[in-house]
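**Q** Numbering (this note's numbering), first residue to last: 5 to 291. No residue lacks a Cβ here, since even glycine has one placed at the ideal position from N, Cα and C.
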Ligand SMILES: [Zn+2]
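1) Which residues does DSSP list as the beta-bridge partners of residue 244?
2) Using a Cβ-based criterion (distance less than 6 Å to any ligand heavy atom), does residue 16 qualify as near ligand 1?
3) With a CB to CB cut of under 6 Å and the five nearest residues on each side skipped, what residues in its chain are close to residue 292?
4) Check for me: the beta strand (DSSP E) holding residue 109 runs from which residue to which?
5) Within 10 angstroms of the Cβ of residue 70, are there 16 or more other Cβ atoms? Answer buried if so, exposed if not.
6) Buried or exposed, going by whether 16 or more other CB atoms sit within 10 Å of the CB of residue 35?
7) By how many angstroms is the C-alpha of residue 28 removed from the C-alpha of residue 102?
8) Should residue 201 be listed as close to ligand 1, given that the test is whether its C-beta is under 6 Å from any heavy atom?
9) DSSP on residue 5, reduced to helix/strand/coil?
10) Check residue 130 in the structure and name its three-state DSSP category.
11) Our contact map puts residue 79 next to residue 113 with C-beta atoms below 8 Å; I'd like the distance itself, whole angstroms only.
12) Under the assumption that residue 72 contacts residue 279 (Cβ atoms under 8 Å), give the Cβ distance between them as a whole number of angstroms.
13) Which same chain residues, not among the five before or five after residue 21, have their C-beta less than 7 Å away from its C-beta?
14) Using three-state DSSP, classify residue 137 as helix, strand or coil.
15) When the Cα of residue 136 is compared with those of 106, 111, 162, which residue comes out closest?
16) Determine the burial state of residue 261: buried for a count of at least 16 other Cβ atoms within 10 Å of its Cβ, exposed for fewer.
17) Give me the Cα-Cα distance between residue 7 and residue 282, rounded to the nearest whole angstrom.
18) Under three-state DSSP, which class holds residue 196?
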């Protein structure tokens with residue numbers, strides 16, 4: 005049995021130029037992340053042989069199933085998965101693959117379900133929501149988050165204020181600690197972060213900087229905990245975006261496969277594209 009794995013899906017994080025006037029990752033906002041990208045990551049392919057800009061619905065489906073969704077649909081599909089992708093996700097998602105092999109996995113993201121729940125609008129389910137709802141029949145809600153047993157996607161809960169949340173805010177380091185505590189109970193724990201992609205689409209430079217600083221604090225803390233608690237932390241992305249401020253759109257850049265902790269070197273050597281992530285992680289956990 006391999007180490008406990010935390011899989012971080014960071015939306016819109018590619019590997020681009022080192023020119024800080026183009027790439028905010030090189031602007032001093034995220035020194036820890038930059039160091040890990042240099043020392044603990046390899047570039048992997050997000051294009052998967054299909055022309056055009058890689059997109060989230062197909063990219064995340066490929067990432068979390070190991071099935072080449074781009075190739076099957078012959079295009080990159082943005083945003084939320086439609087019926088064909090949903091079928092692939094239900095059939096092949098990593099949570100289900102692990103369950104079949106007697107392993108425990110979970111999706112750590114908190115959902116704010118008090119009013120106007122996203123769960124009522126199936127059309128707006130993300131790839132991760134489809135996978136989690138199919139595998140577990142539920143997601144973590146605000147009550148679970150209040151007990152610090154779920155992590156809100158912005159790492160601080162601050163963006164929940166405008167939705168009526170009046171509970172305490174947390175730091176990105178707190179969120180890392182909460183994620184580690186969740187991960188200790190499972191073989192694989194998935195967490196999705198998409199503020200990177202969102203800020204980059206808006207080309208809001210102050211927001212991009214803040215988002216990278218928060219992500220940096222989170223990753224720094226997770227890496228320290230990985231060493232101490234014997235976890236394997238794996239970070240990857242569905243496509244590039246935040247690493248190039250010259251465009252509001254996604255990029256053709258490779259994405260990182262970053263791995264820190266027990267078995268990290270071996271893992272990095274075996275993953276070459278988004279398609280390899282799920283089979284290699286499942287193989288590692290069952291070997
Ligand atoms: Zn995007």
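**A** On the basis of the data shown:
1) Bridge partners of residue 244: 255.
2) Of the heavy atoms belonging to ligand 1, at least one sits nearer than 6 Å to the Cβ of residue 16.
3) As shown, the chain starts at 5 and ends at 291. That puts residue 292 outside it, with no answer to give.
4) In this chain, the beta strand (DSSP E) harbouring residue 109 covers 109–111.
5) When all chains shown are included, residue 70 counts as buried.
6) Counting Cβ neighbours within 10 Å, residue 35 comes out exposed, since fewer than 16 surround it.
7) Using only the alpha carbons, I get a separation of about 36 Å.
8) Flag set: Cβ of residue 201 near ligand 1.
9) At residue 5 the pLDDT is 48, less than 50, meaning the model places this residue with poor confidence; the figure from the coordinates comes in the next sentence. DSSP places residue 5 in the coil class of the three-state scheme, outside both helix and strand.
10) Residue state, collapsed to three classes: coil.
11) Contact flag wrong, Cβ pair sits at about 27 Å.
12) Correct: roughly 6 Å between the Cβ atoms.
13) Exclusion of the five residues before and after residue 21 leaves 27 as the residues of its chain whose Cβ lies within less than 7 Å of its Cβ.
14) Of the three classes helix, strand and coil, the one that applies to residue 137 here is helix, per DSSP.
15) When each option's Cα is compared against that of residue 136, the closest is 111.
16) In this structure residue 261 is buried. Its beta-carbon is surrounded by 16 or more other beta-carbon atoms within 10 angstroms.
17) Looking at the two C-alpha atoms, the distance is approximately 15 Å.
18) Of the three classes helix, strand and coil, the one that applies to residue 196 here is strand, per DSSP.
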